[in-house]
Ligand code: CUA
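In our numbering, the protein residues as written are 6 to 336.
The following block contains the structure:
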């Protein structure tokens, strides 16, 4: 095999491997988990089918035009050619009109939930994380970050706004994208029957770490959801056995930006950390929420998410251990 061909094979296999990897875990709108997403997927298949058909037809006509000998005996070849051109224009307009109407129909059918939602969640976009709030009866609010929990089998209203630039909330398996637009509140809704965890992603370029602005949608049975939400509304448990020292480190180094409800200072720059240990990921889906990753994130966030507002926190190793003990106790 010549070097050029070998290179070509390497490029091809690397490309195929990358494509396969990209398809592996990445959520796709083609594997819908809700009725709304199913409508979008069906529309997607129709549009793909139409695009393939048009490509095949155009390629066919091109090939015929290339290889067919001209037939001088044909009567009035110019008029014949014009008829084909007119037919092409009519077919193009018809295909585009059908795609447009199909899209409008899908949008209209997905616009409103079948019944009035009993659960509302507010999602606020920040560079580059998601604040998640549940207004409760009696004026309380359950607050968390980067993880939206909803009950299975009932419609949920999602209110979206932004604290800075435009973001877009997208959980491909569950619903279409909805933008979080500066100066207004947008609304969408979800209804997912099958409990599970669905990954979402900011879908509007919003700066350096746009790609690391992930979100998890956790769909669970109603009782599990209600218990979870009630727990998120509670203040943090008092720092337990030996936790006091960690709380002290937190107050000195972290509380200017972060809130742990139930403690003295309450910063609002970064995510609310009241029940941090309940969450599955850190830094908006960037790393799993383990002690090692949490330590790495505190020690050098800029290595994990360059440009993030989280600065390096300079701590002694003893302070870091105490802080980790404290943060991991926040359930
Ligand atoms: Cu937020 Cu892209």
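The beta-carbon is built from N, C-alpha and C at its ideal position, and this holds for glycine as well.
Because the structure is a prediction, the values reported are computed rather than measured.
Alpha-carbon spacing of residue i relative to residue j, whole angstroms
{"i": "residue 64", "j": "residue 57", "result": "10 Å"}
{"i": "residue 281", "j": "residue 256", "result": "16 Å"}
{"i": "residue 253", "j": "residue 336", "result": "18 Å"}
{"i": "residue 333", "j": "residue 321", "result": "18 Å"}
{"i": "residue 330", "j": "residue 197", "result": "36 Å"}
{"i": "residue 307", "j": "residue 287", "result": "14 Å"}
{"i": "residue 50", "j": "residue 62", "result": "18 Å"}
{"i": "residue 145", "j": "residue 138", "result": "10 Å"}
{"i": "residue 220", "j": "residue 203", "result": "9 Å"}
{"i": "residue 118", "j": "residue 194", "result": "7 Å"}
{"i": "residue 97", "j": "residue 159", "result": "41 Å"}
{"i": "residue 326", "j": "residue 114", "result": "53 Å"}
{"i": "residue 312", "j": "residue 295", "result": "22 Å"}
{"i": "residue 210", "j": "residue 303", "result": "26 Å"}
{"i": "residue 91", "j": "residue 128", "result": "51 Å"}
{"i": "residue 103", "j": "residue 112", "result": "14 Å"}
{"i": "residue 208", "j": "residue 172", "result": "7 Å"}
{"i": "residue 269", "j": "residue 162", "result": "33 Å"}
{"i": "residue 292", "j": "residue 300", "result": "11 Å"}
{"i": "residue 53", "j": "residue 99", "result": "16 Å"}
{"i": "residue 44", "j": "residue 227", "result": "25 Å"}
{"i": "residue 317", "j": "residue 122", "result": "42 Å"}
{"i": "residue 238", "j": "residue 305", "result": "30 Å"}
{"i": "residue 66", "j": "residue 107", "result": "27 Å"}
Enclosing beta strand (DSSP E) for residue i [first to last residue]
{"i": "residue 189", "result": "Where residue 189 is concerned, there is no enclosing beta strand (DSSP E), given that its DSSP letter is neither H nor E."}
{"i": "residue 156", "result": "152-156"}
{"i": "residue 225", "result": "219-225"}
{"i": "residue 214", "result": "Careful: residue 214 lies outside any beta strand (DSSP E) and carries neither H nor E."}
{"i": "residue 204", "result": "201-207"}
beta-carbon residue i near the ligand CUA non-hydrogen atom, thresh 7 Å
{"i": "residue 133", "result": "yes"}
{"i": "residue 218", "result": "yes"}
{"i": "residue 210", "result": "yes"}
{"i": "residue 130", "result": "yes"}
{"i": "residue 207", "result": "yes"}
{"i": "residue 172", "result": "yes"}
{"i": "residue 215", "result": "yes"}
Which of helix, strand or coil DSSP assigns to residue i
{"i": "residue 134", "result": "strand"}
{"i": "residue 141", "result": "coil"}
{"i": "residue 184", "result": "strand"}
{"i": "residue 173", "result": "strand"}
{"i": "residue 127", "result": "strand"}
{"i": "residue 162", "result": "strand"}
{"i": "residue 70", "result": "helix"}
{"i": "residue 34", "result": "coil"}
{"i": "residue 323", "result": "helix"}
{"i": "residue 331", "result": "helix"}
{"i": "residue 146", "result": "strand"}
{"i": "residue 260", "result": "coil"}
{"i": "residue 291", "result": "coil"}
{"i": "residue 254", "result": "helix"}
{"i": "residue 265", "result": "coil"}
{"i": "residue 197", "result": "strand"}
{"i": "residue 241", "result": "coil"}
{"i": "residue 168", "result": "coil"}
Residue range of the unbroken alpha helix (DSSP H) whose run includes residue i
{"i": "residue 282", "result": "First-last for residue 282: undefined, no H or E at that position."}
{"i": "residue 300", "result": "296-304"}
{"i": "residue 107", "result": "82-116"}
CB contact below 8 Å: residue i versus chain B
{"i": "residue 320", "result": "In the structure shown, chain B cannot be found, because there is only a single protein chain."}
CB-CB length for residue i against residue j, believed under 8 Å
{"i": "residue 170", "j": "residue 199", "result": "About 34 Å; that fails the 8 Å criterion."}
{"i": "residue 141", "j": "residue 147", "result": "6 Å"}
{"i": "residue 222", "j": "residue 155", "result": "7 Å"}
{"i": "residue 272", "j": "residue 264", "result": "6 Å"}
{"i": "residue 275", "j": "residue 240", "result": "Going by Cβ atoms, the distance from residue 275 to residue 240 rounds to 18 Å, so no, they are not a contact pair."}
{"i": "residue 133", "j": "residue 205", "result": "Their Cβ separation, rounded to whole angstroms, is 14 Å, which puts residue 133 and residue 205 out of contact at 8 Å."}
{"i": "residue 166", "j": "residue 183", "result": "Rounded, the Cβ-Cβ distance is 11 Å, inconsistent with contact."}
{"i": "residue 130", "j": "residue 168", "result": "7 Å"}
{"i": "residue 152", "j": "residue 284", "result": "5 Å"}
{"i": "residue 4", "j": "residue 178", "result": "Nothing about residue 4 can be read from this structure; the chain reaches only from 6 to 336."}
{"i": "residue 251", "j": "residue 328", "result": "5 Å"}
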